[in-house]
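Residue numbers (our numbering): 3 to 210.
Step one of this worksheet: look at the structure below.
Here it is as structure tokens:
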């Protein structure tokens with residue numbers, strides 16, 4: 003088949019483009035499903051406990067991912083500021099993942115342990131108290147809203163289904179953990195849940 007024939011036949015060109023793109027995509031994507039680095043948890047990475055799981059859901063509900071990423075790129079400017087670049091094995095328990103697409107505020111992938119709980123509480127209540135130039139909104143209602151935990155076990159069960167299908171070597175929530183989930187979170191404020199979630203982010207990377 004001559005190049006001239008392809009150039010003069012738009013339909014044929016579109017078909018050939020689709021074939022080439024499909025093959026290229028398969029070659030890039032399919033191997034990732036069989037690589038340990040992308041299908042197994044990184045060293046030290048564990049599933050979220052009940053309170054962190056609730057905190058993560060509140061983080062998503064409040065749209066924190068719109069202004070904060072959780073993806074450190076392998077560039078010197080980022081690794082010097084935030085720490086070790088992100089690896090696929092960090093996100094095996096994240097459904098959906100929280101990589102984000104822009105940074106109005108700093109990346110949070112390694113924020114765990116960087117500040118005290120009191121700092122986080124003050125920052126959530128009024129960000130300007132700790133970062134005067136911050137344009138982050140205050141989340142005062144998180145200190146009034148309390149968790150009842152009635153859906154926590156159901157969330158764990160749903161995550162088990164997804165995790166088992168995507169990460170055969172990952173930890174699943176046990177029946178005991180699901181049975182005790184409501185007790186673990188009931189009465190906690192949403193602010194406590196969010197801070198607990200944030201304080202766990204990136205701790206595993208300290209082992210690498």
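In this text, a Cβ means the ideal position worked out from N, Cα and C, and glycines have one as well.
In terms of Cβ geometry, residue 188 and residue 149 form a close pair [threshold 8 Å].
Sequence-distant Cβ neighbours of residue 129 in its own chain, meaning closer than 6 Å and more than five residues away, are 136 and 138.
Residue nearest to residue 144 within the set 155, 190, 165 and 207 is 190 (criterion: CA-CA distance). Take the alpha-carbon of residue 105 and the one of residue 86: they are about 18 Å apart.
Look at residue 159 here: in three-state DSSP terms it is helix. Of all C-beta pairs linking the region 180-187 to the region 52-63, three or more are shorter than 8 Å, placing the two stretches in contact.
Around the beta carbon of residue 72, 16 or more other beta carbons lie within 10 angstroms, which makes this residue buried. Under the DSSP assignment, residue 74 falls outside any alpha helix (DSSP H); it carries neither an H nor an E label. Fewer than three pairs of CB atoms, one per stretch, sit closer than 8 Å, so the region 117-129 makes no contact with the region 77-85.
Under the DSSP assignment, residue 26 falls in the alpha helix (DSSP H) whose first and last residues are 12-31. For the set 194, 102, 30 and 199, the Cα lying nearest the Cα of residue 146 is the one of 194. Here the alpha carbon of residue 32 sits roughly 49 Å from the alpha carbon of residue 131. Taking 8 Å as the cut-off, the Cβ atoms of residue 197 and residue 119 count as close. For residue 57, the uninterrupted alpha helix (DSSP H) run begins and ends at 52-63, by DSSP. For residue 187, the enclosing alpha helix (DSSP H) starts and ends at 177-187.
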